[in-house]
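A.B. asks: Residue numbers (the numbering used here), protein chains in the order written: chain L, 66 to 407; chain E, 66 to 407; chain Y, 66 to 407; chain C, 66 to 407.
#1: What are the start and end residues of the alpha helix (DSSP H) that includes residue 323 of chain C?
#2: Between which two residues does the beta strand (DSSP E) harbouring residue 235 of chain Y extend?
#3: According to the neighbour-count rule (16 or more other Cβ atoms, all chains shown, within 10 Å of its Cβ), is residue 133 of chain L buried or exposed?
#4: If we count the other Cβ atoms within 10 Å of its Cβ and call it buried at 16 or more, is residue 187 of chain C buried or exposed?
#5: Going by alpha carbons, who is nearest to residue 138 of chain C out of C:163, C:264, C:89 and C:127?
#6: Check the DSSP bridge columns for residue 409 of chain L and list the partner residues they point to.
#7: Name the residue from L:217, L:155 and L:79 whose alpha carbon lies nearest to the alpha carbon of residue 169 of chain L.
#8: Check this for me: beta carbons of residue 400 of chain L and residue 386 of chain L, under 8 Å apart or not?
#9: Just to make sure I have the definition right: I need the residues of chain C whose C-beta is within less than 9 Å of the C-beta of residue 307 of chain E. Which are they?
#10: Taking all protein chains shown into account, do 16 or more other C-beta atoms lie within 10 angstroms of the C-beta of residue 118 of chain C, making it buried, or fewer, making it exposed?
#11: Over what stretch of residues does the alpha helix (DSSP H) that includes residue 150 of chain Y continue unbroken?
#12: Out of curiosity, what's the CA-to-CA distance linking residue 184 of chain C and residue 99 of chain E?
#13: Would you verify that the beta carbon of residue 241 of chain E is, or is not, closer than 8 Å to some beta carbon of chain L?
#14: For residue 354 of chain L versus residue 338 of chain L, is the C-beta distance shorter than 8 Å?
#15: Check the Cβ of residue 405 of chain E against every Cβ in chain Y and list those closer than 7 Å, keeping chain order.
#16: Looking at C-alpha atoms only, which residue of C:179, C:273, C:192 and C:286 is the closest neighbour of residue 222 of chain C?
#17: Counting Cβ pairs closer than 8 Å, one from the segment 257-269 of chain L and one from the segment 268-275 of chain Y, do we hit at least three?
#18: Could you name the residues of the same chain whose beta carbon sits closer than 6 Å to that of residue 176 of chain L, not counting the 5 residues immediately before and after it, in chain order?
#19: Alpha carbon to alpha carbon, how far is residue 204 of chain Y from residue 150 of chain Y?
#20: Would you say residue 246 of chain L faces chain E, with C-beta separation under 8 Å as the test?
#21: To be precise: take each residue of the segment 78-109 of chain Y, compare its Cβ to all Cβ atoms of chain E, and keep it if any distance is under 7 Å. Which residues remain?
#22: Check distances from the C-beta atoms of the segment 365-385 of chain Y to those of chain C and list, in chain order, the residues that come in under 7 Å.
#23: Beta-carbon within less than 8 Å of residue 86 of chain C's beta-carbon, same chain only, minus the 5 sequence neighbours each way: which residues are those?
#24: For residue 195 of chain E, which three-state DSSP category applies?
#25: Is there a Cβ from chain C that is less than 8 Å from the Cβ of residue 260 of chain E?
#26: Strictly below 8 Å CB to CB, what residues from chain L border residue 142 of chain E?
#27: Kindly list the residues whose CB is nearer than 8 Å to the CB of residue 92 of chain Y, restricted to its own chain and excluding five residues on each side of it in sequence; keep chain order.
#28: Residue 103 of chain E: which of E:84, E:80 and E:73 sits nearest, CA to CA?
#29: Using the Cα positions of residue 167 of chain C and residue 148 of chain C, report the straight-line distance between them to the nearest angstrom.
#30: Can you list, in chain order, the residues of its chain whose CB lies under 6 Å from that of residue 304 of chain L, leaving out five sequence neighbours each side?
#31: Can you name the start and end residues of the beta strand (DSSP E) that residue 140 of chain L belongs to?
#32: Given that a residue counts as buried once 16 or more other Cβ atoms are within 10 Å of its Cβ, and exposed if not, what is residue 358 of chain L?
#33: Going by C-alpha distance, which of C:308, C:335, C:105 and C:233 is nearest residue 291 of chain C?
#34: For residue 251 of chain L, go through chain Y and note every residue whose CB falls closer than 8 Å to its CB, in chain order.
#35: Which partner residues does residue 134 of chain E have in the DSSP bridge list?
#36: What does a CB cutoff of less than 6 Å around residue 79 of chain E pick up in its chain, not counting 5 residues either side in sequence?
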């Protein structure tokens with residue numbers, strides 16, 4: 066397998082390179098960057114060391130070079146709206162795993178609400194599928210474009226989908242999510258400086274104002290009855306990790322056992338979801354892992370859901386590789402860690 | 066004024082000593098500790114330096130010494146159930162400002178639910194009042210025992226009370242709170258070590274399981290109609306600070322203007338509450354300050370409330386001194402900071 | 066007293082505003098900024114709150130406004146080489162306390178080595194003095210321009226000067242310094258992002274390469290015999306604080322008692338230096354304080370010195386106010402904290 | 066291969082389990098603990114997840130069980146002086162890789178100075194060797210007991226040994242080392258709490274007072290001429306990582322090229338040492354990696370050395386597995402990461 070990474074100098078690109086360097090099915094990795102093409106990888110990402118030596122030349126390459134090499138897979142870690150433009154030469158030729166939002170929300174109104182303009186390539190929508198690996202395995206197997214889910218949507222949808230699809234919950238869904246700072250990207254912004262984020266916590270873009278609200282809402286609605294949902298993200302001073310606390314009500318007659326059974330049915334055999342029952346997950350338990358940990362708490366007819374992922378792994382680059390594994394029929398866990406930190 | 070601090074070696078005690086050292090109305094401070102009596106303050110709390118020199122002997126004293134000195138005010142930073150026992154000699158003689166939970170929840174069932182046994186001194190309940198300074202100023206003026214509120218209840222009740230008292234909200238109240246690690250106290254516990262808390266976020270004691278649920282529920286219910294409330298605290302890796310995100314619904318006919326007006330009426334002239342409108346507060350803005358910052362977001366008939374305090378200042382020791390100021394007729398801001406960090 | 070702060074939107078400016086807001090001798094504060102003039106202070110520095118309300122209009126002002134107001138003191142928190150240019154209108158009219166490097170190193174070669182061009186205003190050098198408050202009190206009393214020392218030089222010189230001036234040490238001086246990230250300023254740089262600095266430690270500009278080497282070397286040399294000195298700074302993931310560990314040798318015949326006596330003679334009565342003997346200071350003990358803590362360790366004829374300051378307080382804005390206090394004959398501690406955190 | 070880990074509930078034990086779970090040559094892992102035998106691994110180390118499932122029963126076992134199983138390798142992550150006692154049943158039967166200090170310093174006086182009593186098993190000293198993998202490969206191949214080096218000694222000796230052995234340096238060696246908090250172990254101590262360590266930096270046990278001074282001094286002296294050495298460790302608020310800055314002088318006639326050549330000769334082909342020349346390493350570059358990064362700076366005849374490792378990987382568990390790999394003739398990098406974080 067020959068794979069390329071577009072946008073190698075951002076955080077998701079850096080994680081992709083680390084995973085691909087150690088992926089047994091990947092023989093050639095092409096780290097690409099429009100702004101830094103020609104630069105030595107060791108200068109751009111000094112921590113990577115010699116890990117990729119056997120699989121690449123040690124230099125960032127430009128788009129033309131990638132194009133000429135005809136890679137089997139192109140991972141795009143580029144910004145939304147830019148991504149589908151830059152990937153144009155690869156559509157129909159390579160499998161494109163797009164970590165941007167460009168193919169995640171086919172609904173034009175919802176996409177526009179979030180990104181200010183319509184989804185860029187509706188013409189390709191039929192060739193694409195949403196890469197929430199635990200739910201769209203069959204579609205992934207046949208897709209030429211895989212829309213890798215956002216970090217918040219992954220952590221929010223995984224606990225909600227088994228319950229929403231079976232109609233076990235009702236009423237307003239109140240989602241509070243807490244993200245590490247890498248989720249904001251590698252940008253030269255005052256409000257992302259160590260001094261501004263350390264010893265600091267705050268909510269932002271509450272209710273329906275965050276772009277990921279559209280993505281969560283769209284994929285939740287596909288599961289059946291449309292439930293009102295408020296999504297409030299918060300920044301917390303950790304490098305990597307997302308925790309989500311979700312509140313909703315059980316439908317009449319639904320018991321704690323029903324909840325547990327639905328989770329078991331959905332995820333009981335899946336390598337990257339761990340069901341914790343009444344134990345509440347901590348983000349360090351999934352740090353550097355492609356796992357999503359899920360716990361829950363039932364009180365009368367109220368339900369609280371707790372989920373935790375590493376935003377850069379299961380919430381981005383790890384799931385992208387999981388999608389590649391599924392797409393090409395490799396073992397789903399190939400190259401990915403199932404264990405976290407301590 | 067002669068004041069004593071019981072429990073000087075915990076975090077709230079340490080903050081109390083710093084505030085009292087610089088309080089213009091306080092001439093003598095007696096830092097007491099049962100476990101470390103006789104120890105030099107400079108060994109127990111090296112950061113304090115010479116700040117208290119003019120007001121104390123530089124040594125931790127025992128209870129007997131405090132008793133003999135007949136202080137005007139006794140601040141108790143002792144654990145719940147212990148506090149009211151140790152304060153016994155001072156009831157009726159000094160004004161007792163109790164930072165423990167012992168007098169916060171007069172309802173026996175609610176107190177027992179939280180602390181495992183009935184409130185210890187119901188006989189003194191009439192002499193006590195709840196020291197949420199912005200709401201009980203008149204009662205504080207006459208109380209001999211002031212039950213200083215918990216950190217989570219302070220940050221949760223301040224945004225909710227103006228709305229609940231006026232009946233502007235309805236439905237289930239979903240509270241998600243995020244606390245710095247000092248909120249767990251200065252205890253030799255593995256789960257409070259730097260390595261376990263750094264780069265880690267998690268919920269704990271969700272729904273109605275945290276002790277502060279009883280305190281919030283009790284004082285919210287006193288405001289009128291009883292609303293169902295879920296309270297889920299989270300630990301975030303900061304030293305000091307609490308942020309609270311609260312979700313509920315507006316009563317029919319209530320508008321964003323009505324919310325703003327209720328806040329203005331309640332807090333417009335109060336020095337320690339800042340109303341931010343649609344700006345969402347960050348915990349660093351109130352760090353080391355006795356201020357509570359409040360913001361809100363209305364969307365259709367849904368309301369999101371955002372509040373931030375320093376858990377050790379407005380959430381504990383600062384509010385305790387604010388209560389002393391109110392009780393003795395000093396300027397409410399005496400010795401207290403109204404500005405935070407950056 | 067009417068005072069102005071040039072460069073109010075950087076970290077040192079923000080600390081200055083906090084100290085001046087509470088300084089009893091300061092009636093009017095003019096927060097100035099060339100880039101943000103006209104902006105509301107509450108937007109630029111939301112943590113400040115209403116603290117300055119009684120002393121300013123709540124808006125950042127431009128240079129012209131400051132000029133017209135004829136302030137008694139101008140604090141310049143501007144970058145080096147810019148500062149002396151922008152302060153031009155105030156020389157000879159206001160006391161200028163310059164937190165930049167422009168007047169710190171009169172030696173042309175040393176200054177040029179550090180800043181790439183000669184010291185900008187040698188013509189004013191005679192009107193200026195180095196504002197290391199514990200050593201130049203007499204000069205400060207008469208200076209119209211006070212060159213406020215750098216953060217590293219303050220923390221390095223305070224433990225070394227009493228020994229170097231008395232000739233108690235010999236041989237190579239090896240200085241290792243560790244600074245919080247605010248020391249690098251409030252700049253939109255990738256390498257200052259939370260993700261890059263958190264969980265990270267590294268040295269930079271070692272030996273004689275850091276600009277502050279020139280400043281330390283110059284003022285150490287003025288104390289007598291010129292000793293070779295290596296200065297290696299490190300970035301550590303804290304917001305504020307500098308710790309310095311210095312190694313050198315004792316002159317023959319000098320004992321631990323001699324060292325202790327020299328420290329006592331230099332600082333025994335000074336409010337902002339605390340001598341800890343064999344106790345090693347921690348940066349949290351001086352956090353938010355204008356204090357420098359000093360400890361030492363003697364082993365055979367080897368000496369290790371340990372010092373700690375808050376880089377933004379004693380290392381910048383606090384010392385600037387201390388200098389104002391000294392210059393105008395106020396109590397040296399007016400408006401400044403002598404205690405740190407815990 | 067069947068391997069056991071004694072002391073599975075400490076930080077080094079937790080890292081060992083993660084590495085061994087993924088080591089291709091290890092079929093059975095026995096996680097042992099005297100205090101928690103019988104407990105489920107998922108409760109003791111929730112982050113580990115199912116990673117070890119195929120290689121162990123998911124429970125901590127007791128010593129008797131380990132003994133009966135006759136493991137090929139016993140990793141002991143027990144405290145010094147305890148370790149050699151508990152390992153008694155395995156000496157001569159399994160290869161013992163001892164992460165404690167018990168076999169690191171054969172010199173009785175130096176060991177006693179550090180640990181308060183003589184080295185416990187001098188009778189076994191001949192069967193043991195010091196497991197600094199880059200220097201004692203031949204001895205490791207034949208040893209039955211491998212004394213895995215301390216974290217500080219690993220990071221300090223790797224840059225110094227190539228120069229000391231060739232006699233390229235002279236004069237006093239001044240070592241300043243900076244360690245993440247996990248280096249202090251997983252102990253219920255107030256001074257390791259998040260609140261005490263976060264936003265804090267300090268030196269401790271300076272000069273020759275830290276136990277690792279003896280270890281460094283002993284192994285440095287074996288390299289030839291005995292050079293005086295001061296070693297001052299510091300705690301910095303990161304979870305994992307050690308940076309070391311070392312100052313010494315070049316022997317007359319030694320040039321920067323000579324230094325570079327010595328490094329290249331020693332490490333040019335070694336997978337776990339990266340030579341950076343004048344680039345200074347950052348701890349994040351080696352985080353979670355078994356690599357040691359080394360940089361240097363020459364100025365006149367002064368030399369500054371910079372090294373960085375992950376204290377729990379190359380400084381403990383990673384090097385232990387590297388030693389197992391060498392001892393059993395596996396590829397040296399098997400199961401170990403050569404890349405760090407970003």
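In this text, a Cβ means the ideal position worked out from N, Cα and C, and glycines have one as well.
Only a predicted model underlies this, so the values are computations on that prediction, with no experimental measurement involved.
C.D. replies: If we stick to the structure as given:
#1: In the fourth chain, residue 323 of chain C corresponds to position 258, counting from 1. Boundaries of the alpha helix (DSSP H) harbouring residue 323 of chain C: 321-332, taken from the DSSP string.
#2: Counting from one through the third chain, the residue named residue 235 of chain Y turns up at place 170. Looking at the DSSP string, the run of the beta strand (DSSP E) that includes residue 235 of chain Y is 234-244.
#3: Indexing the first chain from 1 puts residue 133 of chain L at position 68. By the neighbour-count criterion, in which a residue is buried when 16 or more other Cβ atoms sit within 10 angstroms of its Cβ, residue 133 of chain L is exposed.
#4: For the purposes of this step, residue 187 of chain C is taken as residue 122 along the fourth chain, with counting starting at 1. Looking at its Cβ environment, which holds fewer than 16 other Cβ atoms inside 10 Å, residue 187 of chain C is exposed.
#5: Within the fourth chain, numbered from 1, the residue matching residue 138 of chain C stands at position 73. The option with the nearest alpha carbon to residue 138 of chain C is C:163.
#6: As displayed, chain L neither begins before 66 nor continues past 407, which places residue 409 of chain L out of reach and without an answer.
#7: Counting from one through the first chain, the residue named residue 169 of chain L turns up at place 104. It is L:217 whose Cα lies nearest to the Cα of residue 169 of chain L.
#8: One-based indexing of the first chain puts residue 400 of chain L at position 335. One-based indexing of the first chain puts residue 386 of chain L at position 321. Cβ distance < 8 Å, so residue 400 of chain L and residue 386 of chain L count as in contact.
#9: For the purposes of this step, residue 307 of chain E is taken as the residue at position 242 of the second chain. Neighbours of residue 307 of chain E on chain C: none; closest Cβ ~14 Å, over 9 Å.
#10: As a working mapping, residue 118 of chain C is identified with position 53 in the fourth chain. By the 10 Å Cβ count, residue 118 of chain C comes out exposed.
#11: Stepping through the third chain from its first residue, residue 150 of chain Y is reached at position 85. Where residue 150 of chain Y is concerned, the enclosing alpha helix (DSSP H) stretches over 147-151.
#12: Here residue 184 of chain C is taken as the residue at index 119 of the fourth chain, counted from 1. Here residue 99 of chain E is taken as the residue at index 34 of the second chain, counted from 1. Approximately 42 Å, taken between the alpha carbons.
#13: For the purposes of this step, residue 241 of chain E is identified with residue 176 of the second chain, where counting begins at 1. True, the Cβ-Cβ gap to chain L drops below 8 Å.
#14: Indexing the first chain from 1 puts residue 354 of chain L at position 289. Indexing the first chain from 1 puts residue 338 of chain L at position 273. The Cβ-Cβ distance between residue 354 of chain L and residue 338 of chain L does not fall below 8 Å.
#15: Against the second chain, residue 405 of chain E aligns to sequence position 340. Per Cβ cutoff of 7 Å: 112 and 114.
#16: In the fourth chain, the residue the question calls residue 222 of chain C occupies position 157. Of C:179, C:273, C:192 and C:286, the residue nearest in Cα terms is C:286.
#17: Between the segment 257-269 of chain L and the segment 268-275 of chain Y there are fewer than three C-beta pairs closer than 8 Å, too few to call the two in contact.
#18: Stepping through the first chain from its first residue, residue 176 of chain L is reached at position 111. Result list for residue 176 of chain L: 170 and 184, in chain order.
#19: Residue 204 of chain Y sits at position 139 when you count from the first residue of the third chain. Residue 150 of chain Y sits at position 85 when you count from the first residue of the third chain. Going from the Cα of residue 204 of chain Y to the Cα of residue 150 of chain Y covers about 23 Å.
#20: For the purposes of this step, residue 246 of chain L is identified with residue 181 of the first chain, where counting begins at 1. For residue 246 of chain L, the closest Cβ of chain E is not nearer than 8 Å.
#21: Interface annotation for the segment 78-109 of chain Y against chain E: 79, 83 and 86, criterion Cβ-Cβ distance under 7 Å.
#22: Taking 7 Å as the upper bound on Cβ-Cβ separation, chain C lies near residues 367, 369 and 371 of the segment 365-385 of chain Y.
#23: Sequence index remark: in the fourth chain, residue 86 of chain C carries index 21 (1-based). The beta carbon of residue 86 of chain C lies closer than 8 Å to those of 94, 113, 116, 117 and 120 in the same chain, with the five residues before and after it left out.
#24: Along the second chain, one-based indexing puts residue 195 of chain E at 130. DSSP places residue 195 of chain E in the strand class (E or B) of the three-state scheme.
#25: Working through the second chain from its first residue, we reach residue 260 of chain E at position 195. Closer than 8 Å to some Cβ of chain C, the Cβ of residue 260 of chain E qualifies, so yes.
#26: Indexing the second chain from 1 puts residue 142 of chain E at position 77. Chain L residues near residue 142 of chain E: none, gap ~23 Å exceeds 8 Å.
#27: Numbered from 1 along the third chain, position 27 holds the residue referred to as residue 92 of chain Y. Taken in chain order, the residues that qualify are 66, 67 and 120.
#28: The residue given as residue 103 of chain E occupies position 38 in the second chain. The residue among E:84, E:80 and E:73 with its C-alpha nearest the C-alpha of residue 103 of chain E is E:73.
#29: Along the fourth chain, read from residue 1 onward, the residue named residue 167 of chain C stands at position 102. Along the fourth chain, read from residue 1 onward, the residue named residue 148 of chain C stands at position 83. Answer to the nearest angstrom: the Cα atoms are 7 Å apart.
#30: Residue 304 of chain L sits at position 239 when you count from the first residue of the first chain. Cβ neighbours of residue 304 of chain L within its own chain (closer than 6 Å, five residues either side excluded): 245 and 247.
#31: Locating residue 140 of chain L in the first chain gives position 75, counting from the first residue. Element bounds for residue 140 of chain L: 138-141.
#32: Numbered from its first residue, the first chain carries residue 358 of chain L at position 293. With 16 or more other Cβ atoms within 10 Å, it is buried.
#33: Reading the fourth chain from its first residue, position 226 is the one you call residue 291 of chain C. Considering only alpha carbons, the answer is C:233.
#34: The residue given as residue 251 of chain L occupies position 186 in the first chain. Below the 8 Å Cβ cutoff, chain Y contributes 255, 258 and 260 as neighbours of residue 251 of chain L, in chain order.
#35: Stepping through the second chain from its first residue, residue 134 of chain E is reached at position 69. Beta-bridge analysis with DSSP links residue 134 of chain E to no other residue.
#36: The residue given as residue 79 of chain E occupies position 14 in the second chain. Contacts found: 110.
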